[in-house]
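Numbered according to the working numbering, the sequence shown terminates at residue 240, and the numbering increases by one at each position without gaps.
Heads up, the beta-carbon is just placed ideally off N, CA and C, and yes, glycines get one too.
Encoded as structure tokens, the structure appears first; notes follow it.
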Amino acid sequence: ASGSVDDVAGQIELVALGSIEDQGIRVTLHGPEMLQSGYTPLEVELVDIATGAPIQSAQVQITPMMHLQTDDGEMNHSAPTEPPLAQESTDGCFSNPVVLIMPGSWHLHVSFAEAQGKQGTVTFDLDVEEGDRIARLTGEDGAAYFVALVAPQTAVVGRHDLELAVFRRETMMSFPPEMDLDIDMEPSMPAMGHGSPENESPLHTGAGHYTGKVNFIMTGDWRIDLTLRRQDTLIASTHFDLTVE
């Protein structure tokens, strides 16, 4: 696995979700064994079938798609995706996290173009369960927002990095990152009636990711309340519930 996925996703172990051969290239999709809605680290591995060597230079992009049958016919929508900025990879693995915004049947279209001119698109069909690490919000401005809890992956006692990724639905196919929000964070134990000291509200660190610190001072059920503002105007509020071991 590449470092960037490890850094972002913490302790998620990636497994091979499937392989498809196209243009003499074996395309393997790596991701979490248990797929749930939320921020999902994915990697695309490219191997030259003839030589067995990893393809170290390529442009890669995952486009997630869902097709829903409605009374008016079929409705298609995509989801936030974070294509790799780097086109070089010594092991042929390219990190491309996506935010699976809802459970159901997803089609992940993986396009690739390698340095020798071979290019193609393959599609992986994946079933996704409902997860508890994504909030789907309608803002006070009427826009649809998606807030994904990226880290911590496992909640244990102590002071940890807290990372969120926030996206807005511009169209059914476009989900740009939100980079101008102020986020207030308040962790508490509702059953115990107390919070904790030494927390830091998340600040924008790039590409819609916001990082702060959360301090879990004891085991049990915690709630992280979040308030999203833009220039002192309330956008939305939400929360995530975590069980701290």
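DSSP bridge partner residues for P172 (one or two, in chain order): For the purposes of this step, residue 172 is identified with residue 177 of the sequence shown, where counting begins at 1. DSSP lists F162 as partners of P172.
Are P172 and R218 closer than 8 Å when you measure CB to CB? One-based indexing of the sequence shown puts residue 172 at position 177. One-based indexing of the sequence shown puts residue 218 at position 223. It is not a contact, given that the beta carbons lie outside the stated cut-off.
Just the C-alpha distance for T166 and F235, rounded to the nearest angstrom, thanks. Position 171 of the sequence shown, counting from 1, holds the residue named residue 166. Position 240 of the sequence shown, counting from 1, holds the residue named residue 235. Their backbone Cα atoms lie some 26 Å apart in a straight line.
So, is G47 buried or exposed, given that buried needs 16 or more other C-beta atoms within 10 angstroms? Translated into the one-based positions of the sequence shown, residue 47 becomes position 52. By the 10 Å Cβ count, G47 comes out exposed.
Presumed contact (8 Å Cβ cut-off) between A160 and V94, rounded CB distance: Stepping through the sequence shown from its first residue, residue 160 is reached at position 165. Stepping through the sequence shown from its first residue, residue 94 is reached at position 99. Correct: roughly 7 Å between the Cβ atoms.
Test item: CB-CB of I249 and G87 under 8 Å: There is simply no residue 249 to check, as the chain begins at -4 and stops at 240 in what is shown.
Once the 5 residues before and after I241 are set aside, which same chain residues still bring their CB inside 7 Å of it? This structure gives no information on residue 241, because the portion of the chain shown stretches from -4 to 240.
Assigned exposure category for G137 - 16 Cβ within 10 Å defines buried: Sequence index remark: in the sequence shown, residue 137 carries index 142 (1-based). Exposed.
At what residues does the beta strand (DSSP E) containing Q114 begin and finish? Translated into the one-based positions of the sequence shown, residue 114 becomes position 119. Unbroken beta strand (DSSP E) run through Q114: 114 to 123.
Tell me which residue opens and which closes the beta strand (DSSP E) that M184 is part of. To locate residue 184, count along the sequence shown from 1; it is residue 189. Element bounds for M184: 177 to 184.
Could you tell me whether any Cβ in chain C is nearer than 8 Å to the Cβ of I230? In the displayed structure, chain C is absent; only one protein chain is listed.
In the structure shown, what three-state DSSP assignment does S(-1) receive? Here residue -1 corresponds to residue number 4 of the sequence shown, with the count starting at 1. Caution is warranted here: a pLDDT of 40 is assigned to S(-1), below 50, making its placement in the model unreliable, and no coordinate value can be reported.
Less than 6 Å between C-beta atoms, sequence neighbours within five positions excluded: which residues of the same chain meet that for A130? Counting from one through the sequence shown, the residue named residue 130 turns up at place 135. Within the same chain, A130 has close Cβ partners V142, T233.
Under the three-state DSSP convention, the category Q64 falls into: Stepping through the sequence shown from its first residue, residue 64 is reached at position 69. Reduced to three states, the DSSP call for Q64 is strand.
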